[in-house]
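Note sheet for the following structure.
Numbering (the numbering used here), first residue to last: 91 to 386.
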């Protein structure tokens, strides 16, 4: 597979008249792995969808090897960029072999049958993700982790220069998480990967872009981006960041805590009893007894 060069240039996306991605730029040199991280609702998945033409930017553009992907036929862009997104699992009533063969569509005429070269690619891609033994299994009867690996194989069957993965480690056990995230570098393919696990991002990504409310708030090598200050500001958590003794990469260690903040459901923070009629301690502020609701 030939690794592509990516330049997402000041991408802005709107949904329902609301700006959800605002002026985000990402560059990747051939063979690099770029991580997209951020809290839930920060725009990670939306940004990835703009890279693969599911969402069209209202301004800015996505260039792969200098070509604006929005200006070429879908068949051509499918050879340039392949994706596995969070809602792409499907419930195909097909064998694994046939699901992965869908990735060969950009190389064939409509309704054309798979030929020998297609079958070779399908088998190779399944072996790449450690799923060669699943080739004749019904896709609908597989576990979430098995499905995820098959869908990644389908994306690889497109033989793209750029691979876009949205939370690819979902449903995977630890060993298969490592294998999937090591795959782009092993194949020499450029990849943009959205991840929740910051330690995986730190280990496998060349650079990390942090999104918050649809905007980029930090970008750079993991050791420069993943700091205790950033984690407190963006994620609202206490953490220490150290150098992993074996890998030399940053390692995030979270400090669990119960900070009620302004949570309206935190009874203790408001001096309220969770259970009506409970006797308050002498030091507690006065509370109003609220009877349990009764059925009419």
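The beta carbon of each residue, even a glycine, is placed where N, CA and C say it ideally should be.
Residue 92 by DSSP, collapsed to three states: which one?
Within the chain shown, numbered from 1, the residue matching residue 92 stands at position 2. Residue 92: coil per DSSP, three-state reduction.
Beta-carbon gap between residue 329 and residue 321 smaller than 7 Å
On the chain shown, position 239 is the one that residue 329 refers to. On the chain shown, position 231 is the one that residue 321 refers to. Yes, the Cβ-Cβ distance between residue 329 and residue 321 is below 7 Å.
Excluding five sequence neighbours on each side, which residues of the same chain lie with their C-beta closer than 6 Å to the C-beta of residue 267?
Position 177 of the chain shown, counted from the first residue, corresponds to residue 267. Cβ neighbours of residue 267 beyond the five flanking positions: 259.
Same chain, Cβ closer than 6 Å to residue 105, neighbours up to 5 away in sequence not counted
Position 15 of the chain shown, counted from the start, is the residue given in the question as residue 105. Cβ within range, chain order: n/a, list empty.
Ignoring anything shorter than 4 residues, give me the alpha helix (DSSP H) runs that lie fully in the segment 189–215, in order along the chain.
Runs found: none.
How would you write the range of the beta strand (DSSP E) that residue 115 sits in, first residue to last?
Along the chain shown, read from residue 1 onward, the residue named residue 115 stands at position 25. Residue 115 -> beta strand (DSSP E) spans 108–118.
Limits of the alpha helix (DSSP H) - the one that residue 340 falls within
Your numbering for residue 340 matches position 250 in the chain shown. No alpha helix (DSSP H) contains residue 340, which is instead part of the beta strand (DSSP E) from 340–345.
Nonlocal neighbours in the same chain, by C-beta distance under 6 Å from residue 225, ignoring five residues either side
Start at 1 with the first residue of the chain shown, and residue 225 comes out as number 135. Closer than 6 Å at Cβ, skipping near neighbours: 186, 187 and 216.
Pick helix, strand or coil for residue 306, following the three-state DSSP scheme.
Mapped onto the chain shown, residue 306 falls at position 216. Correct three-state label for residue 306: strand.
Apart from the five residues just before and just after residue 199, which ones in its own chain have a Cβ nearer than 7 Å to its Cβ?
Taking the chain shown and counting its residues from 1, the one referred to as residue 199 is at position 109. Cβ within range, chain order: n/a, list empty.
Let me know the alpha helix (DSSP H) ranges lying completely inside the segment 125–179, each 4 residues or longer, listed in chain order.
134–141 and 164–170
For residue 296 and residue 275, the rounded distance between their alpha carbons
For the purposes of this step, residue 275 is identified with residue 185 of the chain shown, where counting begins at 1. For the purposes of this step, residue 296 is identified with residue 206 of the chain shown, where counting begins at 1. Approximately 10 Å, taken between the alpha carbons.
Taking 8 Å as the cut-off, does the segment 162–171 touch the segment 204–223 (at least 3 CB pairs, one atom from each stretch)?
no
Using the rule of at least 16 other Cβ atoms within 10 Å of the residue's Cβ for burial, across every protein chain shown, is residue 115 buried or exposed?
Within the chain shown, numbered from 1, the residue matching residue 115 stands at position 25. The residue in question, residue 115, is exposed, as its Cβ has fewer than 16 Cβ neighbours within 10 Å.
Check each candidate in 284, 346 and 290 and name the one with the smallest Cα separation from residue 264.
As a first step, residue 264 is located in the chain shown; it is residue number 174 there, counting from the start. Comparing Cα positions, the closest option is 290.
Could you tell me which of 101, 212, 273 and 172 sits nearest to residue 150, measuring between CA atoms?
As a first step, residue 150 must be located in the chain shown, where it is residue number 60. Answer by Cα proximity: 101.
Since residue 101 sits in a beta bridge, which residues does DSSP pair it with?
The residue labelled residue 101 in the question sits at position 11 within the chain shown. Per DSSP, 114.
Can you confirm whether the segment 299–311 touches the segment 114–134 when touching is taken to mean that 3 or more C-beta pairs between the two stretches lie within less than 8 Å?
yes
Just to confirm, is the Cβ distance from residue 331 to residue 317 under 7 Å?
As a working note, residue 331 is residue 241 in the chain shown. As a working note, residue 317 is residue 227 in the chain shown. Contact: yes.
Start and end residues, beta strand (DSSP E) containing residue 247
Mapped onto the chain shown, residue 247 falls at position 157. Boundaries for residue 247: no beta strand (DSSP E) harbours it, while the alpha helix (DSSP H) harbouring it runs 234–247, taken from the DSSP string.
Would you kindly work out how many angstroms separate the C-alpha atoms of residue 239 and residue 92, rounded to a whole number?
Residue numbering aside, residue 239 sits at position 149 when the chain shown is read from its first letter. Residue numbering aside, residue 92 sits at position 2 when the chain shown is read from its first letter. Their Cα atoms are separated by approximately 21 Å.
Per DSSP, residue 290 forms a beta bridge with which residues?
Against the chain shown, residue 290 aligns to sequence position 200. Looking at the DSSP assignment, residue 290 forms no beta bridge with any residue, so it has no partner.
Residue range of the beta strand (DSSP E) that residue 255 falls in?
Position 165 of the chain shown, counting from 1, holds the residue named residue 255. Start and end: 252–256.
Does the beta-carbon distance from residue 94 to residue 280 come in below 7 Å?
Mapped onto the chain shown, residue 94 falls at position 4. Mapped onto the chain shown, residue 280 falls at position 190. Contact: yes.
Whole-angstrom distance between residue 170 and residue 154, CA atom to CA atom
Taking the chain shown and counting its residues from 1, one reaches residue 154 at position 64. Taking the chain shown and counting its residues from 1, one reaches residue 170 at position 80. When rounded, the distance between both Cα atoms is 7 Å.
Contact check, residue 244 vs residue 193, beta carbons under 7 Å:
For the purposes of this step, residue 244 is taken as the residue at position 154 of the chain shown. For the purposes of this step, residue 193 is taken as the residue at position 103 of the chain shown. Result yes, Cβ atoms of residue 244 and residue 193 sit closer than 7 Å.
Since I believe residue 327 is in contact with residue 118 (beta carbons under 8 Å), could you give me their beta-carbon distance rounded to a whole number of angstroms?
Within the chain shown, residue 118 is the residue found at index 28, counting from 1. Within the chain shown, residue 327 is the residue found at index 237, counting from 1. Rounded, the Cβ-Cβ distance is 28 Å, inconsistent with contact.
Check whether the Cβ atoms of residue 220 and residue 269 sit closer than 7 Å, and answer yes or no.
Here residue 220 corresponds to residue number 130 of the chain shown, with the count starting at 1. Here residue 269 corresponds to residue number 179 of the chain shown, with the count starting at 1. Yes. Within cutoff.
Measuring only the C-alpha atoms, how far is residue 96 from residue 147?
Within the chain shown, the letter at position 6 stands for residue 96. Within the chain shown, the letter at position 57 stands for residue 147. The straight-line gap from Cα to Cα measures roughly 16 Å.
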